[in-house]
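Take a look at the structure below.
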Amino acid sequence: MKKSVFFGALAAAGLVAGAGYAQTLQEVQDRGSLRCGVTTGLVGFAAPDENGEWEGFDVAVCRAVAAAVLGDATAVEFIPTTGSTRFTALASGEIDMLARNTTWTFSRDVDLEFEFTGINYYDGQGFMVREDLGVTSALELDGATVCIQTGTTTELNLADFFRANDMSYEPVPIETNAEAQQQYLANACDVYTTDASGLAATRAAFEDPSAHMLLPEIISKEPLGPLVRHGDNAWGDITRWTLNALIAAEELGITSENVEELAAGTENPEINRLLGTEGSLGEMLGLDADWAQRAIAASGNYGEIFNANIGPDTAIGLARGLNAQWTDGGLLYSPPFR
Amino acid sequence: MTAITDTQPDEGFRLSQLIYDTRYRSLTIQIIALILVLSGLGWLIRNAVRNLEAAGQDFNFGFLSNTSGYDIGQHLIEYSSQSTHLDATIVGLLNTLLVAVLGCIACTIIGVFMGVLRLSPNWIVRNIARVYVEVFRNVPTLLWIILVFAVLTESTPAPRAFRGEDPAASMLFFDSVAITNRGIYVPAITFEEGTATILTIVFLLSLVAIWGVRRWAKARQAATGETFPVLWTGLALFFVPVLLVNFILGGAMGLERPELAGFNFSGGVQLRSTFIALWLALSLYTGAFVAENVRAGILAVSKGQTEAAASLGLRPNRIMNLVVLPQALRVIVPPMISNYLNLTKNSSLAIAIGYQDLVGTLGNITRNQTGREMETVLLLMLIYVTISLTISFFGNLYNRSVTLKER
């Protein structure tokens with residue numbers, strides 16, 4: 052009798068552990084909060100403010116998804132991950148999605164079995180040096196000591212760049228951005244390299260940002276975006292179309308201020324479909340009709356999020372550049388909502 | 014089944030004896046425990062395999078032959094970003110072994126020294142050693158590593174401080190050693206072409222000679238009782254022949270000084286801050302434990318031994334070397350083996366300061382770039398187990414040689 056209970060328990064445990072990953076939406080709704088993986092702290096992208104509230108460009112994506120799925124933009128549990136722990140956290144189910152300036156690459160998509168659900172920032176790898184080092188180009192960096200976050204694509208690009216230009220360097224491997232900042236400021240490395248946006252954000256946090264400069268070379272393409280696990284397409288769709296909703300909202304002129312007003316119904320059928328007054332897009336996603344309205348209301352449309360966190364008016368001061376709408380000469384282009 | 018309480022021994026074997034008979038009970042319990050452990054293990058493996066399957070991942074080590082794509086600062090063998098992940102693993106393994114071997118040597122020296130000092134009759138000396146032991150033993154290793162690294166990088170000048178007309182920092186020892194926040198640059202020994210082999214042979218011959226002198230001196234002392242200055246002859250044999258041959262060859266051996274070139278010093282040998290920090294912190298930390306072992310070992314030798322030796326007219330340092338330490342070794346050696354094991358395993362904390370040891374290369378960068386968590390972690394465990402078992406094996410061999418021989 053006892054034996055059969057024991058083996059029964061074993062079998063049940065095996066079944067539970069072995070069951071697939073295909074109900075993330077259900078899990079999130081049952082739990083009542085979204086577990087979102089973010090960086091351990093990169094001002095502008097994801098960092099806790101003085102009250103301990105997470106805020107930033109990547110954080111806004113998490114909040115939008117939480118608002119769409121749970122109806123509450125604050126129902127997010129932010130889980131800080133480093134460059135080397137992020138994929139384990141996602142693959143093991145510790146987090147539901149990762150929004151952590153992660154570059155969309157072939158092997159991560161195909162071999163690591165992740166699904167990138169869009170691009171929220173088009174970036175490239177750059178170099179930061181001290182102004183008084185007398186260097187004006189990355190091609191003058193032969194023999195330099197370079198601080199680099201391990202387990203990242205920047206690490207591989209760096210090796211390729213120096214190799215292609217027949218230069219040598221001394222890598223100083225580092226786990227987090229804060230550590231890199233400290234090492235760089237202590238002069239333990241001449242150069243800090245990571246995505247140009249990350250460099251700008253890091254420099255903005257320095258005591259004297261003007262003493263440091265970004266070199267003009269951008270040595271790689273770094274399309275950054277949120278990602279989820281393979282194998283749960285419904286959940287992938289939700290994060291993908293939440294991001295698209297933020298991008299489309301900017302294009303269609305929907306802001307956090309007028310979203311409520313527009314949700315009453317407009318002349319524009321695409322706005323109506325997006326905001327749920329027409330058609331049944333929400334239902335197709337397994338959510339209610341107001342999902343996009345809530346996502347946009349959470350922190351605004353893509354442009355509002357950009358301007359509030361990393362735009363020209365913030366300390367980080369990034370220009371829209373490639374991240375402008377396609378109608379303004381940028382690369383942002385949401386597939387149609389129909 | 015009803016319980017049978019018959020105690021007659023001659024009725025042959027009954028099933029209930031497995032539980033009620035003390036002759037069989039322990040065996041039964043062990044077999045049941047074994048079955049439980051094995052099925053638990055089987056469940057874990059089955060679970061892992063099923064989960065990997067569900068996540069759509071296979072289990073193979075093919076990634077080891079792929080190009081690694083990343084660079085490693087300290088590589089004792091040829092390595093570039095075009096090498097394979099296996100090469101990166103070997104580079105990491107050698108870095109681990111380097112810091113482990115040097116750490117074991119340093120912690121032994123520190124530990125024996127401090128252990129002996131702790132028993133000194135001088136109050137100040139005794140208590141300095143005591144403070145060292147208590148402070149290092151009671152704070153986690155990781156904190157020591159980070160602290161030493163922080164001190165090294167924050168308190169030393171950057172290479173650029175050596176530049177210019179009136180530099181803020183200058184090199185030591187006739188401009189041959191530079192202490193910077195990226196490490197210590199020391200001169201490297203260079204050989205003129207073709208002379209390296211000759212010098213190596215000469216050096217090996219001097220080592221043989223040192224060994225021979227030691228043997229001869231021991232035999233002579235046993236026969237005649239006269240002592241011979243083995244240490245000084247040994248030191249002379251270590252340096253003089255090589256330098257003599259070098260002189261005959263016309264100064265084939267040279268020193269390459271580190272010089273400022275571009276961003277950093279180049280030439281010479283760079284001892285990276287990460288390496289020094291890890292080595293120093295591990296040696297000091299483990300040295301505190303070794304000191305306690307040594308103290309315990311010395312205290313285990315009866316005081317009468319010391320007094321007897323003193324009454325023969327032996328000087329204190331000879332008493333320590335000839336009478337006390339040889340006997341104390343029997344107590345010291347077994348816990349020393351586990352100290353060496355601890356030091357080796359603690360070297361994996363290198364990841365905190367970016368020293369590229371086995372965990373830094375295979376366990377961090379390779380794991381991350383390939384996403385092969387299961388494989389890399391299993392491989393890491395396998396390698397560490399192998400290293401540890403090797404250390405215990407040789408430690409135990411040595412232990413057997415110093416244990417009390419009963420004749």
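Chains as they are written, first to last, in my numbering: chain U, 52 to 389; chain X, 14 to 420. Glycine included, C-beta positions come from ideal geometry on N, C-alpha and C. Since the structure is predicted, the reported quantities are computational estimates derived from the model, not experimental observations.
Asked: Looking only at its own chain, which residues have a Cβ that is under 8 Å from the Cβ of L257(X), when we skip the five neighbours before and after it?; Found: none
Asked: Is it true that the CB of I122(X) sits closer than 8 Å to the CB of V104(X)?; Found: no
Asked: Could you name the residues of chain U that D370(X) contacts, counting a contact when the two beta carbons are closer than 9 Å?; Found: In chain order: nothing, as chain U lies at least about 11 Å away.
Asked: State the Cα-Cα distance for the pair T379(X) and T204(U), rounded to the nearest angstrom.; Found: 12 Å
Asked: When we look at the beta-carbon of N73(X) and count the other beta-carbons within 10 Å, is it buried (16 or more) or exposed?; Found: exposed
Asked: Based on Cα-Cα distance, which residue from E66(X), V112(X), S360(X), V125(X) lies nearest to A142(U)?; Found: E66(X)
Asked: Expressed to the nearest angstrom, what Euclidean distance is found between the alpha-carbon atoms of L421(X) and N352(X)?; Found: Absent from the model: residue 421(X). The displayed extent of chain X is 14 to 420, so no value can be given.
Asked: Measure from the alpha carbon of C120(X) to the alpha carbon of each residue in R38(X), G280(X), A301(X), then state which is nearest.; Found: A301(X)
Asked: In the region 189 to 205 of chain U, which residues sit with their C-beta less than 7 Å from some C-beta in chain X, listed in chain order?; Found: D193, G194, A195, T196, T201, G202
Asked: Using 10 angstroms around the beta-carbon of G48(X), count the other beta-carbons present and answer buried if the total reaches 16, otherwise exposed.; Found: According to the sequence displayed, residue 48(X) carries Ile and not Gly. I48(X) should be labelled exposed.
Asked: Chain U beta carbons: is any one of them nearer than 8 Å to that of Q382(X)?; Found: yes
Asked: Mind pulling the chain U residues with CB within less than 9 Å of W171(X)?; Found: The sequence given here places Ala at residue 171(X); Trp does not occur at that position. Within chain U, the residues near A171(X) are A237, N238, A239, D241.
Asked: CA-CA distance, E308(U) and V120(U)?; Found: 21 Å
Asked: Between G95(U) and Q200(U), is the Cβ-Cβ spacing less than 8 Å?; Found: no
Asked: Contact criterion: CB-CB distance below 8 Å. Does S135(U) meet it with respect to chain X?; Found: yes
Asked: So, with DSSP's three-state summary, where would you put K53(U)?; Found: Reliability fails at K53(U), whose pLDDT of 45 lies under 50, so the model's placement of it is uncertain and no value is given.
Asked: Quick check: the Cα distance between Q95(X) and T357(X), rounded to an integer number of angstroms?; Found: 29 Å
Asked: Count the other C-beta atoms from every protein chain shown that fall within 10 angstroms of the C-beta of D147(U), then say buried if there are 16 or more, exposed otherwise.; Found: buried
Asked: Considering only their Cβ atoms, is the gap separating I350(X) from S405(X) smaller than 8 Å?; Found: yes
Asked: Listing by chain order, which chain U residues have their CB less than 7 Å from the CB of F276(X)?; Found: G194, A195, T196, D241
Asked: Within 8 Å (strictly less), CB to CB, does V127(U) reach chain X?; Found: no
Asked: Quick check: is the beta carbon of E272(X) nearer than 8 Å to any beta carbon in chain U?; Found: no
Asked: Can you name, in chain order, every residue of its own chain whose Cβ lies under 7 Å from the Cβ of N377(X), other than the five neighbours on each side?; Found: I364
Asked: Give the DSSP-derived three-state secondary structure of N374(U) in the structure shown.; Found: helix
Asked: State the Cα-Cα distance for the pair A252(U) and T154(U), rounded to the nearest angstrom.; Found: 17 Å
Asked: Taking the straight line between their C-alpha atoms, what separation do you get for M394(X) and L362(X)?; Found: 15 Å
Asked: Mind listing the chain X neighbours of I225(U)? Cutoff is C-beta to C-beta under 7 Å, in chain order.; Found: G367
Asked: Kindly list the residues whose CB is nearer than 8 Å to the CB of V146(X), restricted to its own chain and excluding five residues on each side of it in sequence; keep chain order.; Found: M127, R131, A301, A304, E305
Asked: Which residues of chain X have a Cβ atom closer than 7 Å to the Cβ of D162(U), listed in chain order?; Found: G384
Asked: How about G249(U) and N228(U): are their beta carbons less than 8 Å apart?; Found: yes
Asked: Run through chain U and tell me which residues come within less than 7 Å of R195(X), C-beta to C-beta.; Found: T196, A239
Asked: Could you tell me the alpha carbon to alpha carbon distance between A375(U) and L382(U), rounded to whole angstroms?; Found: 6 Å
Asked: Whose Cβ in chain U lies nearer than 9 Å to the Cβ of N377(X)?; Found: S135, T201, G202, P224, E226
Asked: Can you tell me which residues form a DSSP beta bridge with A98(U)?; Found: E106(U)
Asked: Taking S279(X) as the query, report the chain U residues whose CB atoms sit under 8 Å from its CB, ordered along the chain.; Found: G194
Asked: For A210(U), return the contacting residues in chain X, with the cut-off set at a CB-CB distance below 7 Å.; Found: G82, Y83, D84, S94
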